[in-house]
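In my numbering, the protein residues as written are 1327 to 1654. Even for Gly, the Cβ is constructed at its ideal location relative to N, Cα and C. Note that this is a predicted model, so its numbers are computed, not measured. Following: one structure in structure tokens, then a few remarks.
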């Protein structure tokens, strides 16, 4: 007996997500769009308020000047006496009062614009507040859809898993980049401090060498060198830490601009008696090394900034792919 149409198997195809998930996803998307629109309005409202406030400040300054002119003619002042002698005080006072009234009108108009702009900004802020945490809602809606997709299996789930895996790797890389950038900033600061004390030591060494600075100059010079030695040790440690952080990213360190010999070289200065010329040469050598290390660190910072930008761009692209897979 042939089967009836009602007994025929349903066509096999991709399952649709539950209505509740799709409804929330659509609502969250509308909220994101409305939030972006309100934020654009807010930027315009802020610009309008700043412009209105600047206009009001100008108008109030002009009004103050006009009011001062009227006050001078109304009071017992040299201006009033001179105007009275010339016989035109009343005419001038009327003119000044007219200009004052005109300035009052301009100031009142500007104040009204400020009030209107502030009201517009307040309305936008109220609308944004009413939307609630749009970003969290959108993240939650996407997560619910993603969980359903993973549970249903299929090609979409595999694509999302690939995106999630790559996103996780990039998030971890962001952390490593941030740590390396912090280490690079610390190294740059330590090198800058060392360079400053070396310059000071160099100046005192020059004075001691060429002008026979005597015991006082020698004491100051060696105090500067002591401090420079300590700062160079700090810079050396900072550069070593930077090299470790760069290693976590698969990057080379400051390559060939190490400062391993700084501390040992400086220790020799104080353990042995060298001529002033020898000390000056040592300072010059240290300055050259610090300069080279600083340039290397600057190069590292530039590379890290480029890598950070590349990671951000790829994360944005992956986020787009994820949303497309979930909204499709």
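Answer with buried or exposed for residue i, where buried requires no fewer than 16 other C-beta atoms within 10 angstroms of its C-beta.
i: residue 1345; result: exposed
i: residue 1491; result: exposed
i: residue 1569; result: buried
i: residue 1497; result: exposed
i: residue 1643; result: exposed
i: residue 1353; result: exposed
i: residue 1488; result: exposed
i: residue 1499; result: buried
i: residue 1585; result: Note that residue 1585 scores 42 on pLDDT, short of 50, meaning its location in the model is unreliable and no value can be drawn from it.
i: residue 1611; result: exposed
i: residue 1364; result: buried
i: residue 1427; result: exposed
i: residue 1465; result: exposed
i: residue 1509; result: buried
i: residue 1366; result: exposed
i: residue 1440; result: buried
i: residue 1429; result: buried
Cutting at 8 angstroms between CB atoms, please list the residues of its own chain near residue i, excluding the five before and the five after it.
i: residue 1649; result: 1468
i: residue 1422; result: 1392, 1395, 1396 and 1399
i: residue 1368; result: 1447, 1450, 1451 and 1454
i: residue 1503; result: 1575, 1630, 1633, 1634 and 1637
i: residue 1518; result: 1620
i: residue 1514; result: 1620, 1623, 1624 and 1627
i: residue 1486; result: 1472, 1475, 1476, 1648, 1651 and 1652
How is residue i classed by DSSP in three states: helix, strand or coil?
i: residue 1362; result: helix
i: residue 1392; result: helix
i: residue 1481; result: helix
i: residue 1577; result: coil
i: residue 1458; result: coil
So, at 6 angstroms on beta carbons, what are the nonlocal neighbours of residue i in its own chain, with the 5 sequence-adjacent residues on each side left out?
i: residue 1521; result: 1616
i: residue 1361; result: 1457 and 1460
i: residue 1516; result: 1560, 1561 and 1564
i: residue 1507; result: 1630
i: residue 1351; result: 1467 and 1471
i: residue 1577; result: none
If you drop the 5 nearest sequence neighbours on each side, which residues of the same chain put their C-beta closer than 7 angstroms to that of residue i?
i: residue 1443; result: 1371, 1374, 1375 and 1378
i: residue 1647; result: 1489
i: residue 1493; result: 1641 and 1644
i: residue 1523; result: 1550, 1553, 1554 and 1557
i: residue 1347; result: 1470, 1471 and 1474
Could one say the Cβ of residue i lies closer than 8 angstroms to chain B's Cβ atoms, at least one of them?
i: residue 1561; result: Any reference to chain B falls outside this structure, which holds one protein chain only.
For the ligand SAM, is there a heavy atom less than 7 angstroms away from the beta-carbon of residue i?
i: residue 1423; result: By its list of ligands, the structure shown contains no ligand whatsoever, and the ligand SAM lies outside what it can speak to.
Taking contact to mean 3 or more Cβ pairs, one atom from each stretch, closer than 8 angstroms, check whether the region 1377-1388 and the region 1435-1451 are in contact. yes
Okay, do the region 1470-1489 and the region 1616-1636 touch, 3+ Cβ pairs below 8 angstroms being the bar? no
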